[in-house]
Structures are given as C-alpha cells and as structure tokens.
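Q:
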Amino acid sequence: MTAPLDVSGSAAEAHPESVLAGAGKAIQGRSLTRIAWMRLRRDKVALAGGGVVVLLILVAIFSTPIIAAFGHPPLEFHQDQIDPATLLPKGSFGGMSAEYLLGVEPVNGRDIFSRIVAGAWISLLIGFLATVVSVIIGTVLGVIAGYFGGWVDQVIGRLMDVFLAFPLLVFAIALAGVIPDQGFGLEGNGLRIAMLIFIIGFFSWPSIGRIVRGQTLSLREREFVDAAKSLGARHGYIIFREVLPNLMAPILVYATLLIPTNILFEASLSFLGVGINPPTPTWGGMLSEAVRFYTLPHFVIFPGLAIFITVLAFNLFGDGLRDAFDPRAH
Amino acid sequence: MSENEPLLSVQNMEKHFPVTKGLFKRQVGAVKAVDGISFEVFKGETLGLVGESGCGKSTTGRLVTRLLEPTAGKIVFEGEDISHMSQGRLRPLRRDMQMIFQDPYSSLNPRHTVGAIVGAPFRIQGVKTENGVKKAVQDILELVGLSPEHYNRYPHEFSGGQRQRIGIARTLALKPKLIIADEPVSALDVSIQAQVVNLLEDLQKELDLTYVVIAHDLSVVRHISDRVAVMYLGKIVEIADRKRLYSAPMHPYTNALMSAVPVPDPKVRRDRERIRLKGDVPSPLNPPPACRFHTRCWKAQEICKKVEPPLAEMVGGHQVACHFPENAPEVPTAESAAKTG
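Going down the list, the protein sequences come from chains A and B. The first sequence begins at 11 in my numbering and counts up by one. The second sequence begins at 636 in my numbering and counts up by one.
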C-alpha cells in the first residue's frame, strides 16, 4: 500500500515528463542494436578478434590472387626443394625463403603458405555454412518449441537430447566412409564439402535450439505478447514481429561462437582422414600429414597456428558481441 | 442495444487451472483462480476490482479480454456471448475491447519504436486511416500527453510514467468502448500515479470510455471508480457504489481492507480501530467450504462453514455475500440471509 495520493491537482499542469519532449524536429531514437554496436566499439579485445576474422574472410575470398602473388599453386610439387636422400626440405627452417614464405612440405615440396591460404577457404566455408544450417534448424525448432509449448515442446526437447547425446564423431567417421563419389550433382570433394556442411550443421543445431527455446519461453510470457494477442494478432505476427526481433541478438552471438566449434570439428574430421580427401588442402589434413614428421616443427606449427588463431579470433569476437548485446550476462 | 443494457456482463464465470502430475498428466486438482463470479459493467462507468494478490482479479481481466478461456460461465460483450468464441471470430470485436497492462517495462517490445508500437493496432486490425498511420499515431501520442516527436524513439528511452502513456496510447488507437486496466499504476512511482490516473479520467470524459480498473490500491480505486467490486479467493464478496462501499462497507473482509488503508493524520490514526486479519489467504487449490472467508473472519459462526452466503442485494444496489454483514440497515438473521439465495 502506498501513501494516499494527492490527486486533486490539475493533471494538465503536472506533466514534468513532457519537458523532455523538446521542440522542433523529429528525434531519432537509438535502438538497442545501435547501443550494442557502440558498446562493442569500446571493447578493444573484441575489435581485435573481429579484425582478425575480417582479415581471414578476406584471405579466404581472395585466396586465388593471394596465392598467385605470394606463392605457388597449392597442389604443385617442388621436388627441387627436397633433399632426395632424406626426403626433407633442403633449406633451413623447413625451406623457408622469400619464395616459399612458410617453407615446403617434406617429400613432395608443396608450398605450405599456399596450402594454408587455400585451406582457409574450406575451413571458413564449412564453418560458416554449417553454422547457417544449424541456426536455421535450431531457430525454427527452438521458436516452435518455446512458443507453442506442451507436447510440441516435449517432442522437440527429447529430439534435442537425442542429438546432443549422439556419438557424432563415430557417426561422422562411419558416414564419411560411405559418401559416394558422386551425388546431388556434385562430385569428389565438392560433394564431401556439402556433406560435411550438412552433417556438422545438422548435429550442432540443438545448442542454438536450446538457447532460442529458452529465450522464446521467457519472451512469450512478456506482456507485449499479451498486448499483441489482445489486439487480435495471429501466431505468425507474434512470432515474426514480436518474438524474433528479440532473438536476433542471442542468435547472432551464439552463431559467432558456434563457427569456431564447427571449424574445429571439420579440422578433426580431416585430421582423422574422414573429412576432405587429399590432395585438397585443409588445415586438419595438413596437421595429420605433419604428425609423421614431428622433427619438422614448421610443418605442424603453421596449420596448427592457423586453426588456433581462427578459433581464438572468433571466440574473442563472439564473447565481445555477447557482452555488447547482453551486458547483464556476467 | 437499449440504454440499460450492460456493455459487459459476466455470469458465473469460472476459471480453474488444472494441476497435473506424473508422466500422463493425470489431473490431481485445480487452482480455482476465479470461481463463479458475476458482474455487469454499464456504458460510461468505471468498475473497480480490488482484492489481495492471488485473489483472481488479474485472471478476471484476462478472461474478460479472452486472453484466457473460461472454464464455465458466460461473458457477454455488447450482447454477444464471447466466452468460447474462437480467436478468429474475436478479432473484429477486439477493436472495441482493449487492455492496459501492469508493467510498462514488459508491455512494450524493446525492439520496436514508439511509432511501431502505437501503430501496431492499425496494422494487426487492418484499419485504414485518413492521413496515414503515422499521423494517426502522432495524434494519439499528443492525446496521452506525449510529443509527436517521440515517434522514432525506443521504449528504453522513456521513464515508467511515459512508458505507461505509450501503452495507453496503443490501447486507445482503435477507439475502443471498453478498457480493462490491469493494475495500471501499481508499477509506477507514487508521484507519477496521480498523473496517469488523471489521464485515464480525462480520456474517459473525452472519448466516452468504459473502464474496468483492476487494482490492489484502495486509494486509486476510490479515486477512479463509480462502482467497486471486492474479490476474495476467486469470489466477489461485495459490490457497491464507491461512496457506499467506502462509507459503509458491509462485508467483514471489506472492513478489514478499509482499516488497512494508511491514514496520514496521526491523531485520526490513533483513534481508529484496525482490524488485523489472522493467518494467510487459504490456497485457491483447496479453498475453504461455504463462505471462503470464515477461516479468518472474527464474526464467523457454524453456518458460515456450512452454507455459502449468496451475493445478495442489501440496499440500493449494494450487494454483499455474507451471513452477518456489518453496517446493514436492519441486521438480518443468518436464516433470512440464507433464504435470499
């Protein structure tokens, strides 16, 4: 119970709030998204991560001209760089020179710089597109589960549990063995890339799905959803106009954090020899080959470093995004 | 529709929320949030609905606006039975019946501009406006004491009182006849409450609105209402004109509520007798039989535990559900009170 109100005064005079109104031209409000960007711009670590991410994307997109300018075709053998007696690179530090920036591979002498640049394209492509697949599946199922609740939520919830408990690596190894050479109008590694995108995306949607479901559950109880209902809004309107705009921030944040996980997963599969088939260069595949030559640190270090930097950059950027969009997360 | 016909009429409305248990959702009980209430709201008047938290007053509001479907009973709005009407058929009727929400922080979508929020009713209902939606929205913003320049701003840029004005603007967009206000000021600072209450009153005069105001604050209800209904545990225990109810409350529960209103004058406060109710409100899962108030009533007798007192008219539209009402013109015996039902 509050103190009794003095409501005798005239309401017309008692509008201190309307002072804020100001006079003259229309005021442009600052949306939550713009405020988040302003917050992000002050976060140096996240900006550095974002900068590296942008750089990596540029490298992946322009891999062909970069390789043409600074290296040799990634599949080209350079036996002249290899000592025929030991099958190791001739030069010091694994054959690093102005011509071979990061040295050459043992045995066949392929340019490591070119292979890492070419591998960036495959890693990022699979990392991004697999994330897109899981974001789409996760968002659709998460919103449906959270919004409609009841048995729909039960079914989707159990489905998520099944997917999360699934021995994905074992499944992927088994599946990789039976991927045909041709299919869906694709062949060879093109088909394998498509399959990897699908497999990784299809099995990592529950992490996004759970977050979206949880957020939808809490949004559904907010009064603005009731307000829309009491205005006669249909489910589609409420989902797309009221709920989804509030989900964009968490989806963006967790998608950014899912990309490095997917990149790592692709690298693991290629490392195990069930991802992309050689000779197409991938970071995981290069690591796998490098294991046999552990005496040559540069062969292990550079692809490993590429994976490390990429994953770290995405994670730093994703963490920064999360802090910017949801300052209360701490 | 004749003059005397109510705009809204609620008859024996019930809402029981099932309580389920186990894997197969066996129903083990029901929360009787609203358990058979009847009231009428006439055009142009304001009905206040008061009671403690958990007494079912908010559920009543959500039933009337059909955000919930009643378990039993009838809701008649403008002569049409809407109690089980589908959402599709309700849609056109929703223009005439709108709701003001309690929490101005949760009732506005943080991702939408004020223009989008107040313009939503036009979009959802497909209403065409003469000079475009923007002009219409800006007119309404002015009507509720905001500036038309606020059109492109976001809710988080406003104070609680201003946000509630935005909510009220959205409610008014389609020029409804009936507005259900669910605790319209309880989330606001005391200094802002008066402004919003006065705004609601001014709008009522200007736009010929009918209100059902749900509140737990007796001073707010007293200020704004023409008639007041008091709820206890899912039942209406007393309905009367505001003046009557506040000057001569009949139900012991109403008396207890009134005596809990803080009095600013310490002299008056010292002389006043305060009724302290014992114990808590019983659970609506398993409400006491017969008169629901008998567990806490100082006048309760045997009959209160056995016979439910009906909501009966005493004098001049003053209805009360009690075997032993206070301030009654002639104290009726328990038997005569039981007979009236």
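By construction, the Cβ of each residue, glycine as well, lies at the ideal position given by its N, Cα and C atoms.
Taking C-beta pairs closer than 8 Å, name the residues in chain A that B/Q733 reaches, listed in chain order.
A: Working through the second sequence from its first residue, we reach residue 733 of chain B at position 98. Here the neighbours are S240, L241.
Q: If the criterion is Cβ atoms closer than 8 Å, does the pair B/G708 and B/S718 meet it?
A: Here residue 708 of chain B is taken as the residue at index 73 of the second sequence, counted from 1. Here residue 718 of chain B is taken as the residue at index 83 of the second sequence, counted from 1. Cβ atoms of B/G708 and B/S718: closer than 8 Å.
Q: Compare the C-alpha of B/I874 against each of B/C926, B/P811, B/G951 and name the closest.
A: The sequence position of residue 874 of chain B within the second sequence is 239, counting from 1. The shortest Cα separation from B/I874 among B/C926, B/P811, B/G951 belongs to B/G951.
Q: Between the C-alpha atoms of A/P288 and A/A300, what's the straight-line distance to the nearest angstrom?
A: As a position in the first sequence, residue 288 of chain A is number 278, starting the count at 1. As a position in the first sequence, residue 300 of chain A is number 290, starting the count at 1. Going by the C-alpha atoms only, they are around 13 Å apart.
Q: Does the beta-carbon distance from B/A925 to B/V903 come in below 8 Å?
A: Taking the second sequence and counting its residues from 1, the one referred to as residue 925 of chain B is at position 290. Taking the second sequence and counting its residues from 1, the one referred to as residue 903 of chain B is at position 268. No, the pair does not count as a contact, with Cβ atoms beyond the cut-off.
Q: Answer with yes or no whether the minimum CB distance from B/L880 to chain A is below 8 Å.
A: Taking the first residue of the second sequence as position 1, residue 880 of chain B is located at position 245. Output row for B/L880: interface = no.
Q: On the CB-based measure, 16 or more other CB atoms within 10 Å of its CB, does B/N833 come out buried or exposed?
A: Working through the second sequence from its first residue, we reach residue 833 of chain B at position 198. Buried is the call here.
Q: Taking B/L643 and B/L813 to be in contact with their CB atoms under 8 Å, please state how far apart those CB atoms are, rounded to whole angstroms.
A: Mapped onto the second sequence, residue 643 of chain B falls at position 8. Mapped onto the second sequence, residue 813 of chain B falls at position 178. Right, the Cβ-Cβ distance comes to about 6 Å (below 8 Å), so this counts as a contact.
Q: Need the endpoints of the beta strand (DSSP E) that B/F712 sits in, please.
A: Position 77 of the second sequence holds residue 712 of chain B. That run of the beta strand (DSSP E) goes 707-712.
Q: Determine the chain B residues that contact A/R232 at a beta-carbon separation under 7 Å, and present them in chain order.
A: Residue mapping note: residue 232 of chain A aligns to position 222 of the first sequence, counting from 1. Within chain B, the residues near A/R232 are S741.
Q: Under 8 Å between beta-carbons, which chain A residues line up against B/Y789? List them in chain order, please.
A: By one-based count along the second sequence, residue 789 of chain B stands at place 154. Within 8 Å Cβ-Cβ: G39, R40, S41, L42.
Q: Buried or exposed: where does A/D333 fall if 16 or more other Cβ atoms within 10 Å of its Cβ makes it buried?
A: Residue numbering aside, residue 333 of chain A sits at position 323 when the first sequence is read from its first letter. Classification for A/D333: buried.
Q: Put B/P884 into one of helix, strand or coil per three-state DSSP.
A: Position 249 of the second sequence, counted from the start, is the residue given in the question as residue 884 of chain B. Reduced to three states, the DSSP call for B/P884 is coil.
Q: Once the 5 residues before and after A/G328 are set aside, which same chain residues still bring their CB inside 7 Å of it?
A: Sequence index remark: in the first sequence, residue 328 of chain A carries index 318 (1-based). V263, T266, L267, listed in sequence order.
Q: From what residue to what residue does the alpha helix (DSSP H) around B/T695 run?
A: Translated into the one-based positions of the second sequence, residue 695 of chain B becomes position 60. 692-699 is the extent of the alpha helix (DSSP H) around B/T695.
Q: Take B/V856 as the anchor and find which of B/I938, B/L682, B/F928 has the nearest alpha-carbon.
A: For the purposes of this step, residue 856 of chain B is identified with residue 221 of the second sequence, where counting begins at 1. The residue with the shortest Cα to Cα distance from B/V856 is B/L682.
Q: Three Cβ pairs or more, each shorter than 8 Å: is that satisfied between the region 179-187 of chain A and the region 151-163 of chain A?
A: no
Q: Give a yes or no on whether 8 Å exceeds the smallest Cβ distance from B/D738 to chain A.
A: Here residue 738 of chain B corresponds to residue number 103 of the second sequence, with the count starting at 1. So yes, B/D738 belongs to the interface.
Q: Whole angstroms is fine: what's the gap from B/G754's alpha carbon to A/R251's?
A: Position 119 of the second sequence, counted from the first residue, corresponds to residue 754 of chain B. Position 241 of the first sequence, counted from the first residue, corresponds to residue 251 of chain A. Taking the straight line joining both Cα atoms gives about 13 Å.
Q: Taking 8 Å as the threshold (C-beta atoms), are B/V779 and B/G750 in contact?
A: Locating residue 750 of chain B in the second sequence gives position 115, counting from the first residue. Locating residue 779 of chain B in the second sequence gives position 144, counting from the first residue. No, the pair does not count as a contact, with Cβ atoms beyond the cut-off.
Q: With A/G159 as the anchor, note down where its beta strand (DSSP E) starts and where it stops.
A: As a position in the first sequence, residue 159 of chain A is number 149, starting the count at 1. Per DSSP, A/G159 belongs to no beta strand (DSSP E) and is neither H nor E.
Q: Taking 7 Å as the limit between beta carbons, can you name the residues of its chain near B/E704, skipping five residues before and five after?
A: Counting from one through the second sequence, the residue named residue 704 of chain B turns up at place 69. Counting only Cβ-Cβ distances below 7 Å, and skipping sequence neighbours, we find H719.
Q: Closest Cβ-Cβ distance between A/D336 and chain B: below 8 Å?
A: Reading the first sequence from its first residue, position 326 is the one you call residue 336 of chain A. No, A/D336 lies away from the interface with chain B (no Cβ there is under 8 Å from its Cβ).
Q: Examine chain A for any beta-carbon lying closer than 8 Å to the beta-carbon of B/I801, and answer yes or no.
A: Sequence index remark: in the second sequence, residue 801 of chain B carries index 166 (1-based). No, its Cβ sits nowhere closer than 8 Å to a Cβ of chain A.
Q: Quick one: Cα of B/A972 to Cα of B/L838, how far?
A: One-based indexing of the second sequence puts residue 972 of chain B at position 337. One-based indexing of the second sequence puts residue 838 of chain B at position 203. At B/A972, the pLDDT of 48 sits below 50, so the modelled position is not reliable; the number obtained from the coordinates is stated separately. Approximately 41 Å between the Cα atoms of the pair.
Q: Mapping DSSP to helix, strand and coil, what is A/T320?
A: Residue numbering aside, residue 320 of chain A sits at position 310 when the first sequence is read from its first letter. Helix.
Q: Under a Cβ-count criterion, where at least 16 other Cβ atoms within 10 Å of its own Cβ denotes burial, should A/H56 be classed as buried or exposed?
A: In the first sequence, residue 56 of chain A corresponds to position 46, counting from 1. As written in the sequence, residue 56 of chain A is Ala, which differs from the His given in the question. Classification of A/A56: buried, given that the 10 Å Cβ count is 16 or more.
Q: If you count every other CB in all the chains shown that lies within 10 Å of the CB of A/V253, and 16 or more means buried, which is it?
A: As a position in the first sequence, residue 253 of chain A is number 243, starting the count at 1. Buried: at least 16 other Cβ atoms inside 10 Å.
Q: Helix, strand or coil, according to DSSP, for B/F652 in the structure here?
A: Numbered from 1 along the second sequence, position 17 holds the residue referred to as residue 652 of chain B. It is a strand residue.
Q: Residue range of the alpha helix (DSSP H) that B/D774 falls in?
A: Taking the first residue of the second sequence as position 1, residue 774 of chain B is located at position 139. That run of the alpha helix (DSSP H) goes 767-778.
Q: Kindly indicate which three-state DSSP category B/V833 falls into: helix, strand or coil?
A: The residue given as residue 833 of chain B occupies position 198 in the second sequence. Residue 833 of chain B is actually Asn in this sequence, not Val. Of the three classes helix, strand and coil, the one that applies to B/N833 here is helix, per DSSP.
Q: Can you confirm whether B/A755, when its beta carbon is compared against all beta carbons of chain A, has any partner nearer than 8 Å?
A: Taking the second sequence and counting its residues from 1, the one referred to as residue 755 of chain B is at position 120. True, the Cβ-Cβ gap to chain A drops below 8 Å.
Q: Taking 8 Å as the threshold, find out whether the region 118-130 of chain A comes into contact with the region 69-87 of chain A through three or more Cβ pairs.
A: yes
Q: Can you give me the start and stop residues for the alpha helix (DSSP H) that A/I203 sits inside?
A: Translated into positions along the first sequence, residue 203 of chain A becomes position 193. Residues 198-213.
Q: Tell me whether the region 927-934 of chain B and the region 841-859 of chain B touch, counting them as touching only if at least three CB pairs, one residue from each stretch, are closer than 8 Å.
A: no
Q: Measuring straight from C-alpha to C-alpha, what distance separates B/R877 and B/T655?
A: Looking up residue 877 of chain B in the second sequence gives position 242. Looking up residue 655 of chain B in the second sequence gives position 20. Approximately 41 Å, taken between the alpha carbons.
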